[in-house]
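Residue numbers (my numbering), protein chains in the order written: chain A, 483 to 734; chain B, 14 to 425; chain C, 78 to 925.
No residue lacks a Cβ here, since even glycine has one placed at the ideal position from N, Cα and C.
Computed from a predicted model, the values in this text were never measured in an experiment.
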Amino acid sequence: MAKWGMVIDLEKCTGCQACTMACSMENGRLPGEHWQDVIFYNEGEYPSPQLKWFPRPCMHCENPSCVAVCPARATYKTEEGQVLVDWERCIGCKYCMIACPYGVRFYTEEKPRYGGPDMKSVFKSGDAHSWNPPWKGPAENWTRGVGTQPAGVVSKCTFCDHRISKAPKGTADLDPQNPATREFTPACVVTCAPGARMFGDLSNPNSEVSKAIGNKNGVRLLDHLGNKPQVYYLTGEGGSVPGNRVLPTKKA
Amino acid sequence: MKYKSEPQTLGELLAATITLAKDPSAAGRWFIGSMAVLVISFGFVMFQLITVGHASFNTSSDGVNWGLPIATYVFFALTSSGLTMIASLATVFGFKQFYPIAKRCIFLAIITLVAGFSVLALELGHPFRMLWVVPTGVQVMSPMFWMGVFYTIDLVLLIVKFYLMWKEDWDSPLSHLVGNAGFVAVILASGMLGLLFGSMVMRPMWFGSFTSIYYMLTAALSGAAAIVVTTYMAYDFDREKMPAQLKAFASGIELPRVFTTLIGITLVMMLARFWTGLWSNMDGLEGFAGLFRDPLFHVEMWVGLALPFFMLLSEKAARNKNAQIIAAFLVLGAMFINRLEFIVSGQTVPMFKGNWTNSLIAYSPSVTEWAMAVLGIAISLALYAFGEKVLDLSATPDHLESTEATAARAAT
Amino acid sequence: MSNPLNPTVSRRRFLQATGAAGAATAVGVGTGALPGFTAIEKVHAQPAAEKSGETVITKSFCHQCPARCGIDVYTTNGRVHSIFGTLDNPLSNGKLCPKGHLGTFLLYDPDRFKGPMKRTNPKKGRNEDPGFVPISWDEALQTVADRLNTLRDKGESHRFGLLFGRGWGAVDAGLLGTFGKLYGTPNSGLGHSSTCADGSKKAKLYTDGNYDYSSYDYAHCNNLLIFGAGFLEAFRPYNYNMQVWGQMRTKAAKTKVTVVDVHMSTTGAAADRLIMIKPGTDGAMALAMAHVILTEGLWDRKFVGDFKPVVQPKDPAAARLPSPTFETGKEIDPALFEGKWTHGLIEWWNAELKDRTPEWAEKITTVPAREIIATARELATVKPSIALFERGPTAHTNGVYNGMAIHSLNALTGSLWVEGGMLNQTTKTPWAKLSLKYEDYMDDYAKSDDRKKPKIDGVGTKYKMASAQIQRIGEYHLKGDPYKMDTLMFYLTAPIFSSPENNGWEKALQDIFVIDTTPYPSENAMFSDLILPDNTYLERLQIADTYSFQGYPMSMIRTPAVKPVHDTKTFGDTLIEIGKRIKGPTSEYYKQLGNTENIIKQMVAGFAENPGDNGVNDYESFKAKGVWFNKTVPYRQKDGVFYAWDKESKSHSIPIDAAKVKEKIFKTPTGKFEFKSGYMEQEKYAHYIHDKHGIAEDRVGFPQWIAPKYSGTGDLHFIASKLPIAAEGRAGNLAHAIAVAQPTQGGKRDVFVEINPETAAKKGIKDGDVVLIKSKTGSVKAPARIYAGVRPDTVFLPYFHGHWAQGRWAKAEERIQKNSVNEVIENVSDPISGLACYYSGMCSIEKA
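Right under this line is the structure:
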């Protein structure tokens, strides 16, 4: 069974947010509800200020705290390593949003932040969907949190479950530049112009993601919390600071 | 001896309710007033939830996920737990002086829990779905699951206990068993509610086993404040109208001592909490500095806790009716602020939102959220006024009641 | 175990997973067919597919910037739900920028015009409801034709003008010139290049003889110096820029990137070195860099040329003469130097460069001399290098000279036409010519000398060297100089919002009959009398060539992914339909022309003999692949020698002579790169430049420093450039774009004006305060963001919000900014290039 993971090369990332937009349209997201976001920070003083950024999808943690806190067992870890929300079980208590260290979960029911009318009232849904974007895709699977969601539930990045779940078993790399795997690759990875994103099987040491993590010292966000994200960042080919003070347990 | 005026059947209960609505007494006025507020606030909240949905809240995915409604729930849940703890002083630990308020405590514990759950239900995306997914999910890793289990057990035991009290069964082994079990349940429930926050290592302002203890002890404080306020409320803030036993208890030093001690403990805990919070440089604790700049926090700290503490320090003042009432009101207000402050400040440090949030997250509740808090208060007030008039909440075990007291009550 | 890389396997699995019906027929045409998806023919062959649940990919190309990335449009059940880059398109390579994905929203924008409409309220104004009422296409077209025929009858056909923005090619912009000739107006096809890139194009024209965009070989470049171009935000082709960015930053010998700008954008932040320069002074820095390169002997001798060998005294006892060098402040005898592919270096040195020291430049630019020296040394030694520039340096009164100074660095470093450098595209797509000749359909009226009227935009008269002057049309109309316009038609442009001092247009359009072809509400449409809505790009059949980005020709086709959602018509067909209604032989011409599809089919016939590298050779294969290209780059320079492509050896190995270089490479009077521009020295221009800039006529040809004239009023420079998500014109009403508009500052409903902390403190402005930015021409409000990444003498407000008529999200009540940034910017043009001086405006700020 694959353990899907992503590698994001910050040396390449231009902060353009094509990933965010591709995700928004692919997954019928409301504006501002960014399953995938690019987070910018600035500090420092003129004329040597800093402006830095990194893309932030769901980390699909190995030890997801959001799964543990869910009283409804609506959020769960799949065999392929994704963390998904079952929209037919979710009670909308938002505890998972509280428990996610990475801020990647969203409750649709909130005031629009973009100004102007609420998209949900402009593109009204006549059924249980929270809204009805005219551009919504054909993929929908509420038990896996795919498609336009119903009201009152929490949503999150699925690693584009509707795409990756169709990849042939044993696929090591979901490379968008390979016509054979392109359609199975997450939308953010497909569109990333500088090629800053890679997607593949972390459990396969020969996959491109595994190689990149090994060769370029991939690091994970907030490693000290022990959630063990399945999204790794490459911050440059040189040294890399350890994510944690303790070495991981050696496997026999 | 059964207190005969208590309704015995559903029909009688209904009749009593109608009578109460027409009753010109204090309880009657409270009942009418709070029912009106309840209906209006419920209507408003429902209208908002149906037309706008939870978007009528000022909570957001990028900011504060849990706002005033959750704080209101926590306030009521912990107050309920505190009331049970105070009742347990008599029913579990044998401090007989506390018997005059035991029944009222148990009743109040039930209705505050009902009020809390009502507000919580309105806050959830799918409250009815909860009824089947939580039992079928059995997510034993989730603090919220256990909180639900313990508070459900707590509520059942409270109702059983109140039923037994109503049946004048104060001393049977069953009654003691239910009382003891209820105390354990309430410790677990309030402690688990603390752990619901305390387990969140990614939210360092909440994290730690301390939160569990903090929740239990501050629960006791808000319970103590609630019983002082409500007891006086039942008798028009006039000690003279109280039955003798209760009057004696109200004039006594035991309750004020317990109350003052709990304020003191709370002050010490807050100091300790703020010491570590402000001292540490760790990412995620910036909210403590933010709290320090929040005027509401200072109202809680100085007006709501420090002032009552010093007011009740001397024995003379502690026995003083007005001092007790003012202190209890202030503490109850402080505890409400405390729940909001605790819950919101823990979320003000953004989780990787960068420039989208720009600094600590700002949050102030929306009108709908305030209406939900008002609704919670109205539910408890209406039920309380109802209980005060229809049920004998000052009842005590027979062996404690003096003839005078019985006579006095018969006269009313 | 199945092979994951075996497409057959994956296709079968895909079909199993989706349960797609008709799997057996899901075999695409050509190699572009993706597993599980039918090629485009299937859509047309089977309109019933609309409800089949099958997903169909239509080939098109994006409309949201000049780049024209090939796109795959995913349609299921007649609904477009996804857009991705086309994998086998050499520009998009399967990728997209953030804007590209929003095409679906653009298609289904609920604010779109539903069909042709006419105005009923004669009053025009920002707060006047036009009172549009729907009319039939027939009525709409006849209204235009009647109006045009009446003008023609009065001999006033020149009073009809057609202004256009992003023209795509033969079937839209390509029709305008012909229409003007047949109908009889010099004003059909007034372009927008003077609000676009004319500064850089003219600077290149004057020095290397090419009035065009450059093709940059980023993938092999080791040093990229960017002057005032949003390389990772708006510089075209944005998507491709980002693709090569990924390569540049991770290739062996990582490309060193230096950015010269007035604030820190993502480009500046991602670069290795950011230099924050005083607005409009980039030319001074470039001149100083040239000074350093020459004095330190770092120029590319094989390309530029060198000093001739010194003739030593015959007497062996006499002191040996030293080789000449460039020494600060010292003139050099031009006879000592022999230019190779450059002309006039010593004359330039003597006239300008010898005193342009880094210390001199520091005083003007505020850039420390040591930074200038370091950047210059690096540019000349870490090669191949590219000095790239766009509107930052050129949208100023001294823009052309700034641009020429920067472009001269490319000559000094020998970067022109080398691998890893830059070149111009010399070949074109082999479109077949139309059999129909418009000349055969010109009547006496059209041929009459009376038709030779000056253009309304002043090009050729007031602006002798400019190619366009769209920003002045309103002003000239108001003055009646040289005449008043009667009717203006707009296609993909709206100077009433985008032109400097745009508010002036609101007056100008009062007494003009305005026809807009936009599919969406806009400020321009609010002032229109007639709306002839275009199809959006996903509904449109259209062809285009790319600009010369890659150095080889590439052409794309837009195939409609869905039938028009509303009662709209592709602009080209609208114009043809109007033509059919014009009196005289004109109508016959357009009847013969038929429609745009007919034109496209005729043109594509040229592919039969010249199939693209991807095998595209006819209309059907073109639609299936979406792109035709031929990757051969005909010429390259290496070590000072120009070579032509050799098909046999598949390399640039056939040396070409100077005559060929003059014909194909440097189209200048000398056939070389000119540091002394022969073009500008022509009498008609030298005199003009002298008049405008006061430069002595014998100096006009040199890249040189003249101080920029700042316009407007106030103590701060006002810079308003584009954000990555600013789609061409429509992002302001796309809620998804608004929600991520300015990530660097957290602008998700409003965009923030960046103010340096020092400046903010001086003005008493706190972060988040609403600030009023004003100059003598107007004012705009925006929330403040205190940001150390902007110069203290500059405020930066992105060109994004302020659309007061673009739709429900654009004009949200809650948004602080209510009008265009251009109201603050005075309408001043670079007298030479004609480029609007967008970045020369001054403003003052105060707490609102």
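For residue i and residue j, which I take to be in contact (beta-carbon distance under 8 Å), what is that distance rounded to the nearest angstrom?
i      : j      : result
C/K21  : B/W369 : Because chain C spans 78 through 925 in this model, residue 21 of chain C falls outside it and cannot be assessed.
C/A784 : C/F877 : At roughly 30 Å, the Cβ-Cβ gap does not stay under 8 Å, so C/A784 and C/F877 are not in contact.
A/G619 : C/S159 : 6 Å
C/I592 : C/Y260 : Wrong, their Cβ atoms sit about 14 Å apart, outside the cutoff.
Give a yes or no on whether the minimum CB-CB distance between residue i and chain A is below 8 Å.
i      : result
C/W705 : no
C/T871 : no
C/H643 : no
C/H473 : no
C/F304 : no
B/N9   : Since the first residue of chain B shown is 14 and the last is 425, residue 9 of chain B is not available in this structure.
B/G161 : yes
B/R216 : yes
B/F430 : The structure shown does not extend to residue 430 of chain B, since chain B is modelled only from 14 to 425, so the question has no answer here.
B/I31  : no
Check whether chain C comes within 8 Å of residue i, counting only Cβ atoms and requiring the distance to be less than that.
i      : result
B/N71  : no
A/R595 : yes
Have a look at residue i and residue j and give me their C-alpha separation to the nearest angstrom.
i      : j      : result
C/A472 : C/H269 : 14 Å
B/M283 : A/R555 : 35 Å
C/L569 : C/A247 : 15 Å
A/C495 : A/M503 : 15 Å
C/K530 : C/E205 : 35 Å
C/E552 : C/A488 : 39 Å
A/V723 : A/Y714 : 13 Å
A/W569 : A/G629 : 10 Å
C/D526 : C/S544 : 23 Å
C/I676 : C/H140 : 20 Å
C/G208 : C/G845 : 38 Å
So that I know if they touch, is there some Cβ in chain B lying closer than 8 Å to that of residue i?
i      : result
A/R626 : no
C/P875 : no
A/I521 : yes
So which residues on chain F does residue i lean against when the C-beta distance must stay under 7 Å?
i      : result
A/R538 : Among the chains of the structure shown, chain F does not appear; the protein chains present are A, B and C.
| query | Which residues, in order along the stretch 823-835 of chain C, keep a beta-carbon less than 9 Å from a beta-carbon of chain A? | reply | Near chain A, meaning a CB-to-CB distance below 9 Å, the residues of the stretch 823-835 of chain C are G823, K825, R826, D827, N833, P834, E835.
| Going along the chain, which unbroken runs of the beta strand (DSSP E) with 3 or more residues stay wholly within the stretch 654-730 of chain C? | Runs of the beta strand (DSSP E) inside the stretch 654-730 of chain C: 704-706, 712-715, 718-723.
| message | I'd like the ranges of any alpha helix (DSSP H) spanning at least 4 consecutive residues and lying wholly in the stretch 579-667 of chain C. | response | You should have 581-585, 600-603, 648-657.
| Using a beta-carbon distance cut-off of less than 9 Å, what residues from the stretch 355-383 of chain B approach chain C? | Flagged, chain order: K366, G367, N368, W369, T370, N371, S372.
| request: Pick out the complete beta strand (DSSP E) segments inside the stretch 852-911 of chain C, 3 residues or longer, and give them in chain order. | output: List check, beta strand (DSSP E) in window: 855-863, 871-873.
| task | Ignoring anything shorter than 4 residues or poking outside the stretch 160-202 of chain B, list the alpha helix (DSSP H) runs there in chain order. | result | Within the stretch 160-202 of chain B, no complete alpha helix (DSSP H) run reaches 4 residues.
| request: Write down every uninterrupted run of the alpha helix (DSSP H) in the stretch 254-306 of chain C whose length is 4 residues or greater and which is fully enclosed by it, in chain order. | output: As far as the stretch 254-306 of chain C is concerned, its whole alpha helix (DSSP H) runs of at least 4 residues are 275-285.
| Members of the stretch 564-582 of chain A near chain B, C-beta cut-off 8 Å | Contact residues of the stretch 564-582 of chain A toward chain B are R571, C572, I573, G574, C575, K576, Y577, M579, I580, A581, C582 (C-beta to C-beta distance below 8 Å).
| request: Note down, in chain order, all residues in the stretch 584-611 of chain A with a beta-carbon under 7 Å from any beta-carbon belonging to chain C. | output: Interface annotation for the stretch 584-611 of chain A against chain C: R595, Y596, G597, G598, P599, M601, V604, criterion Cβ-Cβ distance under 7 Å.
| said: By the 7 Å beta-carbon criterion, what residues does the stretch 107-139 of chain B contribute toward chain A? | reply: For the stretch 107-139 of chain B, the beta-carbon criterion of a distance under 7 Å to any beta-carbon of chain A is satisfied by L137, G138, H139.
| task | Any chance you could list the alpha helix (DSSP H) runs of at least 4 consecutive residues sitting entirely within the stretch 151-205 of chain C, in chain order? | result | Residue ranges of uninterrupted alpha helix (DSSP H) with 4 or more members, entirely inside the stretch 151-205 of chain C and ordered along the chain, are 180-185.
| Proximal residues, the stretch 242-262 of chain B versus chain A, C-beta separation under 7 Å | For the stretch 242-262 of chain B, there are no residues whose beta carbon sits under 7 Å from a beta carbon of chain A.
| What residue ranges within the stretch 460-487 of chain C form continuous alpha helix (DSSP H) runs of no fewer than 4 residues, ordered along the chain? | Listed in chain order, the complete alpha helix (DSSP H) runs (minimum 4 residues) inside the stretch 460-487 of chain C are 468-471.
| Residues of the stretch 677-706 of chain A with Cβ closer than 7 Å to any Cβ of chain C, in chain order | So the list reads G677, A678, given in the order they occur along the chain.
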